[in-house]
Amino acid sequence: MAQTRIAPPPARAEGQWALDEREPLNANERFKLEDDGLAVRARIEDVYSRDGFASIPADDLRGRMRWWGLYTQRRPGIDGGRTATLEPHELDDEYFMLRVRSDGGALSAAQLRTIAQVSVEFGRGTADLTDRQNIQLHWVRIEDVPQIWQRLEAVGLSTQEACGDTPRVILGSPVAGVAADEIIDGTPALEHIARRYIGDPAYSNLPRKFKTAISGSPHQDVAHEINDVSFVGVVHPELGPGFDVWVGGGLSTNPRLAVRLGAFATLEQVPEVWKGVIGIFRDYGYRRLRTRARLKFLVADWGPQVFRDVLEQEYLGFSLADGPAPPPPPLGRRDHVGVHPQADGRFYVGAAPVVGRVSGPLLAQVAELVEAAGSDRVRLTVEQKLVVLDVPATNVDALADGLEALGLAVRNASTFRRGTMACTGLEYCKLAIVETKARARELVFQLEERLPTFDAPLTVNLNGCPNSCARIQVADIGLKGALAGGEDGYQVHLGGGLGLTSGLGTTLRGLRVSAHDLPDYVERVARRFDEQRQDGELFAT
Ligand code: SF4
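Below, the structure written as structure tokens:
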């Protein structure tokens with residue numbers, strides 16, 4: 000870090016390392032200072048996997064294990080009404096959720112098959128596609144974790160920094176390098192960052208999680224507005240294709256959309272700019288209160304111009320070119336579901352599971368289909384979907400038929416199957432108040448039956464608590480889990496969006512829909528939208 004600092008001092012001490020506020024400030028900062036999160040791996044391999052769950056101390060169990068993608072699951076049978084009243088150890092099950100990192104959502108057939116085998120052998124066959132291009136398994140025992148790592152790492156996969164106060168999985172366009180209309184392929188920058196910086200102790204103690212998105216697609220297909228740092232494909236009038244730099248997005252209980260720095264980064268500059276932004280977060284990020292520890296709070300206080308000045312003068316040592324804003328994305332869906340031509344004459348085929356829920360056996364069958372179709376590349380999407388790349392024309396129908404036979408909709412996926420997402424919810428998540436996955440699945444089936452011809456784009460996102468793992472504030476219909484008179488219910492947010500309709504939805508205060516009434520409510524809203532919409536009009540416009 001440079002010596003001369005230009006960043007304005009905050010109104011009160013926020014626990015910023017760059018201002019020498021290094022005292023242990025809260026429980027998380029204390030355990031991170033005592034021992035780096037990454038160091039827990041040796042103890043898992045040498046002690047906990049041998050001596051079992053009871054041998055894991057609290058700081059590792061509920062803290063550092065996350066640095067290796069492990070969260071304790073919610074103990075079965077505890078209803079949502081007790082989430083806030085029980086002690087953490089009362090909510091813990093002796094099993095773990097394991098998040099497998101896949102930067103850019105990129106998986107080979109062999110990697111997919113390995114995840115499938117791990118799921119079947121060690122995770123009771125469970126698997127969920129997340130809206131951050133990861134795959135999560137459940138029911139993992141600590142005794143099996145070293146063997147799981149061996150299996151995953153043998154095929155180039157990792158769980159390192161899949162969770163924790165670290166640089167999380169890097170989102171990338173699922174069709175990077177193949178889409179016919181691509182502005183620029185961000186893959187080299189994404190791979191450089193993942194190779195060079197993931198697992199680097201210089202960035203393994205951040206104030207909180209740090210989320211990255213890189214896409215050179217004109218469809219802006221990585222939810223760049225809600226990441227800590229995003230690189231969005233644009234064409235500079237003199238410098239050619241490159242990236243517009245955005246910072247400070249994030250949802251949860253204090254949602255903020257990212258802001259542009261007005262700066263242009265070439266493909267070669269992206270890793271350096273990324274390193275500068277994460278450096279600012281590490282050094283200037285707020286560590287006093289965990290609720291203010293995301294980059295968005297710093298960006299809100301500094302504003303984009305100060306942030307850019309600090310980035311250029313204290314971290315990069317050079318000025319970035321001013322750059323244009325990305326044009327609005329084209330009208331239409333950007334979930335990559337269906338059959339689409341690639342630039343090289345082959346096709347990519349996008350498939351929609353219901354609310355991201357798949358299974359180990361199903362993933363193994365998908366891997367077989369991928370190879371039979373002459374492909375070796377699968378991509379996960381930020382909509383809980385998957386895409387098979389590089390399919391020769393002659394193999395498209397067989398692949399699509401095969402995926403559809405597995406229940407993964409390809410050619411005639413309904414709006415509701417494409418546009419509905421759900422977080423983990425009460426089934427496994429210790430923070431959850433209500434059930435989400437099964438309910439969202441039932442909602443999709445109900446809506447497909449009730450509105451069989453509905454074909455307007457519409458997103459319906461369900462969260463199990465006020466956190467926003469399923470992005471409720473940027474959905475057309477966002478449903479936030481909340482108890483209503485002891486019953487499962489959902490607080491309604493309407494009119495949020497990303498891309499063309501980027502904005503945070505409006506909370507309809509006092510409107511809480513019970514779980515029982517959910518299909519009727521969403522059907523009513525969808526019908527009214529369909530009846531009143533003009534040509535091409537979107538829900539949020
Ligand atoms: Fe858990 Fe809440 Fe996130 Fe859902 S939104 S996965 S319930 S923390």
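Those letters in the sequence shown? Residues 0 to 540, per numbering that gives the first Met the number 0, in order. All residues carry an ideal CB built from backbone N, CA and C; glycine is no exception. Predicted model only: the values in this text are computed from it and were never measured.
Report task. Give the C-beta separation of G249 and P303 to the nearest angstrom, bearing in mind that I take them to be a contact with Cβ-Cβ under 8 Å. Result -> To locate residue 249, count along the sequence shown from 1; it is residue 250. To locate residue 303, count along the sequence shown from 1; it is residue 304. The Cβ separation is near 15 Å, so there is no contact.
Report task. Would you grab the beta carbon distance between P145 and D180 for me? Rounded to a whole angstrom, and I think it's under 8 Å. Result -> The residue labelled residue 145 in the question sits at position 146 within the sequence shown. The residue labelled residue 180 in the question sits at position 181 within the sequence shown. In fact, because the Cβ distance is near 45 Å, the residues do not count as touching under 8 Å.
Query raised in the report: How big is the Cα-Cα spacing for L450 and R416?
Result: The residue labelled residue 450 in the question sits at position 451 within the sequence shown. The residue labelled residue 416 in the question sits at position 417 within the sequence shown. Roughly 12 Å separates the two Cα atoms.
Query raised in the report: Quick one: is the Cβ of N466 within less than 7 Å of any heavy atom of the ligand SF4?
Result: Your numbering for residue 466 matches position 467 in the sequence shown. N466: yes, Cβ under 7 Å from the ligand SF4.
Query raised in the report: Which value, in whole angstroms, describes the spacing of the CA atoms of T265 and A320?
Result: By 1-based counting over the sequence shown, the position of residue 265 is 266. By 1-based counting over the sequence shown, the position of residue 320 is 321. In a straight line, the C-alpha of T265 is about 9 Å away from that of A320.
Query raised in the report: Using the rule of at least 16 other Cβ atoms within 10 Å of the residue's Cβ for burial, across every protein chain shown, is F317 buried or exposed?
Result: For the purposes of this step, residue 317 is identified with residue 318 of the sequence shown, where counting begins at 1. With fewer than 16 Cβ atoms within 10 Å of its Cβ, F317 is classed as exposed.
Query raised in the report: Straight-line CA distance for V221 to V357?
Result: Start at 1 with the first residue of the sequence shown, and residue 221 comes out as number 222. Start at 1 with the first residue of the sequence shown, and residue 357 comes out as number 358. It is roughly 21 Å from the alpha-carbon of V221 to the alpha-carbon of V357.
Query raised in the report: Can you tell me the Cα-Cα spacing of A153 and S101, whole angstroms?
Result: Taking the first residue of the sequence shown as position 1, residue 153 is located at position 154. Taking the first residue of the sequence shown as position 1, residue 101 is located at position 102. Their backbone Cα atoms lie some 14 Å apart in a straight line.
Query raised in the report: Is it right to say D184 is buried, meaning 16 or more other beta carbons lie within 10 angstroms of its own, or is it exposed?
Result: Numbered from 1 along the sequence shown, position 185 holds the residue referred to as residue 184. With 16 or more Cβ atoms within 10 Å of its Cβ, D184 is classed as buried.
Report task. Have a look at P328, D92 and E403 and flag the residue whose alpha-carbon is nearest the alpha-carbon of V139. Result -> As a working mapping, residue 139 is identified with position 140 in the sequence shown. When the alpha-carbon of V139 is set against those of P328, D92 and E403, the nearest one is in D92.
Query raised in the report: Taking the alpha-carbon positions, what's the I43 to P323 distance?
Result: Along the sequence shown, one-based indexing puts residue 43 at 44. Along the sequence shown, one-based indexing puts residue 323 at 324. The alpha-carbon atoms of I43 and P323 are separated by roughly 48 Å.
Query raised in the report: When the distance is taken between beta carbons, is L362 closer than 8 Å to S157?
Result: Counting from 1 along the sequence shown, the entry for residue 157 is found at position 158. Counting from 1 along the sequence shown, the entry for residue 362 is found at position 363. Result no, Cβ atoms of S157 and L362 do not sit closer than 8 Å.
Query raised in the report: Counting pairs of Cβ atoms below 8 Å between the region 476-488 and the region 451-467, do you hit three or more?
Result: By the C-beta criterion, the region 476-488 is judged to be in contact with the region 451-467, since at least 3 inter-stretch pairs fall below 8 Å.
**Report entry** G496 versus V473: straight-line alpha-carbon distance, rounded
**Finding:** Here residue 496 corresponds to residue number 497 of the sequence shown, with the count starting at 1. Here residue 473 corresponds to residue number 474 of the sequence shown, with the count starting at 1. Taking the straight line joining both Cα atoms gives about 4 Å.
Query raised in the report: Fully enclosed by the region 350-387, which alpha helix (DSSP H) runs are 4 residues long or longer?
Result: Segments of the alpha helix (DSSP H) lying fully in the region 350-387: 359-371.
Report task. Going by DSSP, name the residue or residues bridged to G232. Result -> Numbered from 1 along the sequence shown, position 233 holds the residue referred to as residue 232. For G232, the beta-bridge partners assigned by DSSP are F242.
Requested in this report: Count the C-beta pairs between the region 331-345 and the region 379-394 that are closer than 8 Å, then say yes if the count reaches three, no if not.
Outcome: A contact exists between the region 331-345 and the region 379-394.
Report task. Please list the segments of the beta strand (DSSP E) lying wholly inside the region 36-68, counting only runs of 3 or more residues, in order along the chain. Result -> Correct list: empty.
Query raised in the report: Just to confirm, does L430 get its C-beta within under 7 Å of one of the non-hydrogen atoms of the ligand SF4?
Result: What you label residue 430 is simply residue 431 of the sequence shown in a count that begins at 1. For the ligand SF4, at least one heavy atom lies less than 7 Å from the Cβ of L430.
Query - Reduced DSSP category for S413 - H, G, I as helix; E, B as strand; rest coil - result: As a position in the sequence shown, residue 413 is number 414, starting the count at 1. Of the three classes helix, strand and coil, the one that applies to S413 here is coil, per DSSP.
Query raised in the report: Between Q135 and I197, which are expected to be in contact by the criterion C-beta below 8 Å, what is the C-beta distance as a whole number of angstroms?
Result: Residue 135 sits at position 136 when you count from the first residue of the sequence shown. Residue 197 sits at position 198 when you count from the first residue of the sequence shown. Under the criterion of beta carbons closer than 8 Å, Q135 and I197 do not qualify as touching, at roughly 18 Å.
Query raised in the report: Between the C-alpha atoms of I279 and R376, what's the straight-line distance to the nearest angstrom?
Result: Here residue 279 corresponds to residue number 280 of the sequence shown, with the count starting at 1. Here residue 376 corresponds to residue number 377 of the sequence shown, with the count starting at 1. One C-alpha to the other measures close to 35 Å.
Query raised in the report: Do you know how far the Cα of Q149 is from the Cα of P23?
Result: Locating residue 23 in the sequence shown gives position 24, counting from the first residue. Locating residue 149 in the sequence shown gives position 150, counting from the first residue. Taking the straight line joining both Cα atoms gives about 35 Å.
Query raised in the report: Taking the runs of the alpha helix (DSSP H) that are 4 residues or longer, which of them lie wholly in the region 500-539?
Result: Positions of the alpha helix (DSSP H) runs, each at least 4 residues long and wholly inside the region 500-539, are given as 517-531 in order along the chain.
Requested in this report: Note down the Cα distance separating S107 from S214, rounded to an integer number of angstroms.
Outcome: Counting from one through the sequence shown, the residue named residue 107 turns up at place 108. Counting from one through the sequence shown, the residue named residue 214 turns up at place 215. A straight line joining the alpha-carbon of S107 with that of S214 spans about 20 Å.
Query - Test item: CB-CB of L442 and L398 under 8 Å - result: The sequence position of residue 442 within the sequence shown is 443, counting from 1. The sequence position of residue 398 within the sequence shown is 399, counting from 1. Against a cut-off of 8 Å, the Cβ pair of L398 and L442 comes out as no contact.
**Report entry** Local Cβ density within 10 Å of A115, reported as buried at 16 or more and exposed below that
**Finding:** Position 116 of the sequence shown, counted from the start, is the residue given in the question as residue 115. That one is buried.
Query raised in the report: Just curious, the alpha helix (DSSP H) that K208 is in, first and last residue?
Result: Looking up residue 208 in the sequence shown gives position 209. For K208, no alpha helix (DSSP H) segment is defined, and its DSSP state is neither H nor E.
Report task. Would you decide whether G504 is buried or exposed? Buried here means 16 or more other CB atoms lie within 10 Å of its CB. Result -> Along the sequence shown, read from residue 1 onward, the residue named residue 504 stands at position 505. Buried is the call here.
Query raised in the report: Tell me which same chain residues have a C-beta within less than 6 Å of the C-beta of H235, skipping the five on either side of it?
Result: Here the question's residue 235 lines up with position 236 in the sequence shown. Setting aside the 5 residues that flank it on each side, H235 is surrounded in the same chain by G241, F263 and G322, each with a C-beta closer than 6 Å to its C-beta; the list follows chain order.
Requested in this report: Measure the alpha-carbon distance for A105 versus H335 and round it to whole angstroms.
Outcome: In the sequence shown, counting from the first residue as 1, residue 105 sits at position 106. In the sequence shown, counting from the first residue as 1, residue 335 sits at position 336. Answer to the nearest angstrom: the Cα atoms are 14 Å apart.
Requested in this report: Quick one: residues in its chain with C-beta nearer than 7 Å to the C-beta of V598, no 5 flanking neighbours on either side, listed in chain order?
Outcome: In the structure displayed, the chain extends from 0 to 540; residue 598 sits before or after that span and is not available.
Query raised in the report: So, D308 versus A17, is the Cβ gap smaller than 8 Å?
Result: As a first step, residue 308 is located in the sequence shown; it is residue number 309 there, counting from the start. As a first step, residue 17 is located in the sequence shown; it is residue number 18 there, counting from the start. No, the pair does not count as a contact, with Cβ atoms beyond the cut-off.
Requested in this report: Could you name the residues of the same chain whose beta carbon sits closer than 6 Å to that of E486, not counting the 5 residues immediately before and after it, in chain order?
Outcome: Position 487 of the sequence shown holds residue 486. Excluding five sequence positions before and after E486, the CB atoms of its chain that fall closer than 6 Å to its own CB belong to S513, given in chain order.
**Report entry** Check: N394 C-beta below 7 Å from any heavy atom of the ligand SF4
**Finding:** Stepping through the sequence shown from its first residue, residue 394 is reached at position 395. Taking 7 Å as the cut-off, one finds no heavy atom of the ligand SF4 near enough to the beta carbon of N394.
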